[in-house]
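Chemist:
There are 2 protein chains.
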Amino acid sequence: MSNLDLKVLGQDEAAVVCCSPMVREPLGEEAAVDLAKMFKALSDPVRLRLLSLIASHEGGEACVCDLTGPFDVSQPTISHHLKVLREAGLVGSERRGTWVYYWVLPAALAKLSALLQAPAAAGGSR
Amino acid sequence: MSNLDLKVLGQDEAAVVCCSPMVREPLGEEAAVDLAKMFKALSDPVRLRLLSLIASHEGGEACVCDLTGPFDVSQPTISHHLKVLREAGLVGSERRGTWVYYWVLPAALAKLSALLQAPAAAGGSR
DNA sequence: GTCTTGTTTCGACAGGTGTCGATACAGGCG
DNA sequence: CGCCTGTATCGACACCTGTCGAAACAAGAC
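Heads up: the protein sequence lines correspond to chains X and P, in order. Numbering of the first sequence is given in my numbering, commencing with residue 1 and proceeding in unit increments. Numbering of the second sequence is given in my numbering, commencing with residue 1001 and proceeding in unit increments.
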């Protein structure tokens, strides 16, 4: 037996924090339902930009007041999108005095990123 | 081939293929629209499982006939989902004789994976 | 207390999405 | 040729989603 369970996954180890790449083995049904919710949260241009605005903001967090400016949509709509991101587990939020701050949850992004990792070298594409 | 293409890259290298992580700088509007389409294609459990079934299938490709079995939905619905994945640029397809084969396009997955890469170490969470 | 500003929730509406059965198309086989 | 099997398209339906304006809530300033 020795290294029976050893599984080679050396450099993918980090990915294994939660999920191995989806290209390695078929996704289970429940896992797919779960992951689909996260991807759905990312499936809107406004939310993608919100997420990247928050993540790239100084200090890693941004107040809602920083986020309404760059968009053409109304402020309630921004609030709605932030709620979607929050409920998908992609960002956290907290009220501090007058303002509400949002920050990304890196583990969630890392999880999705790992899942999508393609064995580009191995695949040889086609 | 030796290890010409071998490149350990996995991480940063793949990122550079197209996009740096979204956490580094705000996403442009057009880029966001484009990426949102890909994520939307991933935002359905059936499509996620389809993609992972195709990717993990022997030879890196699968015939539609291999893909209808594992699901509770009808064959036209599978066909519809495959079309969505194809139009999002996530898979390619080709008819060979009687059967139609699908394979994943690794570059597309790598692009999304790189985009989501969080500087976990730097972020310090929170 | 009242007022003001920042944020969320509510209701409503147009448009998009997942699913189905029925049907059409493509290609091999007799 | 006609038939059979694998796959895609069509039309219809219930449901979900993004957006808005109006209103409610939260916290500080006066």
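Backbone N, C-alpha and C fix where the C-beta goes; we use that ideal spot for every residue, glycine too.
By how many angstroms is the C-alpha of P:A1031 removed from the C-alpha of X:L115?
Modeler: A direct Cα-Cα distance of roughly 22 angstroms separates X:L115 from P:A1031.
Chemist: At the 8 angstroms Cβ level, is P:R1024 part of the contact set with chain X, yes or no?
Modeler: yes
Chemist: CB-CB under 8 angstroms to X:P26, same chain, minus the five flanking residues each way: which ones, in chain order?
Modeler: none
Chemist: In the structure shown, what three-state DSSP assignment does P:A1088 receive?
Modeler: coil
Chemist: For X:L48, tell me which candidate among P:L1035, P:L1050 and P:I1054 has the shortest Cα-Cα distance.
Modeler: The residue among P:L1035, P:L1050 and P:I1054 with its C-alpha nearest the C-alpha of X:L48 is P:L1035.
Chemist: Closest to P:G1028 by CA distance: which of X:V46, X:A88 and X:E94 is it?
Modeler: X:V46
Chemist: Which value, in whole angstroms, describes the spacing of the CA atoms of X:A107 and X:Q75?
Modeler: 28 angstroms
Chemist: Tell me, to the nearest whole angstrom, how far the beta carbon of X:V153 is from that of X:L90; I am working on the premise that it is less than 8 angstroms.
Modeler: The structure shown has nothing for residue 153 of chain X, since chain X only spans 1 to 126.
Chemist: Relative to the alpha-carbon of P:R1096, which residue among P:S1056, P:C1065 and P:L1053 has its alpha-carbon at the smallest distance?
Modeler: P:C1065
Chemist: Between P:G1092 and P:A1062, what straight-line distance do the alpha-carbon atoms span, to the nearest angstrom?
Modeler: 11 angstroms
Chemist: For the beta strand (DSSP E) that X:E61 lies in, which residues bound it at each end?
Modeler: Unbroken beta strand (DSSP E) run through X:E61: E61 to C63.
Chemist: List the residues that DSSP assigns as beta-bridge partners of X:E30.
Modeler: DSSP, once it has assigned bridges, lists no residue as partnering X:E30.
Chemist: Measure how close the beta-carbons of X:K40 and P:S1043 come, nearest whole angstrom, since I'm counting them as under 8 angstroms.
Modeler: 4 angstroms
Chemist: Just the Cα atoms here: how many angstroms apart are X:L109 and P:Q1117?
Modeler: 7 angstroms
Chemist: So if I threshold CB-CB distances at 8 angstroms, which residues from the segment 48-59 of chain X count as touching chain P?
Modeler: L48, R49, L51, S52, L53, A55 and S56
Chemist: Per DSSP, what kind of secondary structure is X:R96 in: helix, strand or coil?
Modeler: strand
Chemist: List the whole-angstrom C-beta distance separating P:L1082 from P:L1053, where the pair is believed to meet the contact cut-off of C-beta under 8 angstroms.
Modeler: Rounded to the nearest angstrom, the Cβ distance from P:L1082 to P:L1053 is 11 angstroms, too far for a contact under 8 angstroms.
Chemist: Taking 8 angstroms as the CB-CB limit, is P:L1085 close to chain X?
Modeler: no
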